[in-house]
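Numbering (our numbering), first residue to last: 1143 to 1308. Report on one structure; see the data block that follows.
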């Protein structure tokens, strides 16, 4: 079984609500500690054997594979999760703007509000990314309302122009 499959099995394992909460609280605390470390040290590139890097972050290989899965879409070059082994050479080159955006998307308030972001992205840049994120979440309709100007450019209302027969 690959590390990634082991992670998915561990994360999806049936547990009582108390065990479920405990598992994820521990994971999210470790995740937060990892991101604090990465942001404090401005580690844009994390490289080495997966097992060694996991040890540097005080995680076992399976749990660190879960961490990689979470950060994967924020990397310059995504990792093929299914091919990871404990001896895999990994290179996690982080795109911090993409990481911040993805944290907003994941609603990971405990991560995107870390004070260590101040040393990476300015407050203005974080606000700009948040604005871009909010804009990406707005649904846009292509439907023309009856009282809207006609898209043909005539200057008439749609209902009195191209929409007369609809």
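For glycine and all other residues, C-beta sits at the position ideal for the given N, C-alpha and C. Remember, it's a predicted structure, so these values are computed and weren't measured experimentally.
Per DSSP, the bridge partner or partners of residue i
{"i": "residue 1233", "result": "1189"}
As assigned by DSSP and simplified to three states, the class of residue i
{"i": "residue 1217", "result": "strand"}
{"i": "residue 1299", "result": "strand"}
{"i": "residue 1291", "result": "strand"}
{"i": "residue 1140", "result": "Nothing in the structure corresponds to residue 1140, since the chain is present only between 1143 and 1308."}
{"i": "residue 1157", "result": "coil"}
{"i": "residue 1170", "result": "helix"}
{"i": "residue 1183", "result": "coil"}
{"i": "residue 1278", "result": "helix"}
{"i": "residue 1248", "result": "coil"}
{"i": "residue 1285", "result": "coil"}
{"i": "residue 1305", "result": "coil"}
{"i": "residue 1199", "result": "coil"}
{"i": "residue 1241", "result": "helix"}
Cβ-Cβ distance between residue i and residue j below 8 Å
{"i": "residue 1146", "j": "residue 1211", "result": "yes"}
{"i": "residue 1217", "j": "residue 1239", "result": "no"}
{"i": "residue 1246", "j": "residue 1275", "result": "yes"}
{"i": "residue 1205", "j": "residue 1169", "result": "yes"}
{"i": "residue 1298", "j": "residue 1289", "result": "no"}
{"i": "residue 1241", "j": "residue 1213", "result": "yes"}
{"i": "residue 1282", "j": "residue 1293", "result": "no"}
{"i": "residue 1207", "j": "residue 1166", "result": "no"}
Would you call the segment 1232-1245 and the segment 1184-1200 touching, i.e. three or more CB-CB distances under 8 Å? yes
Does the contact criterion of 3 or more C-beta pairs under 8 Å hold for the segment 1173-1183 versus the segment 1250-1259? yes
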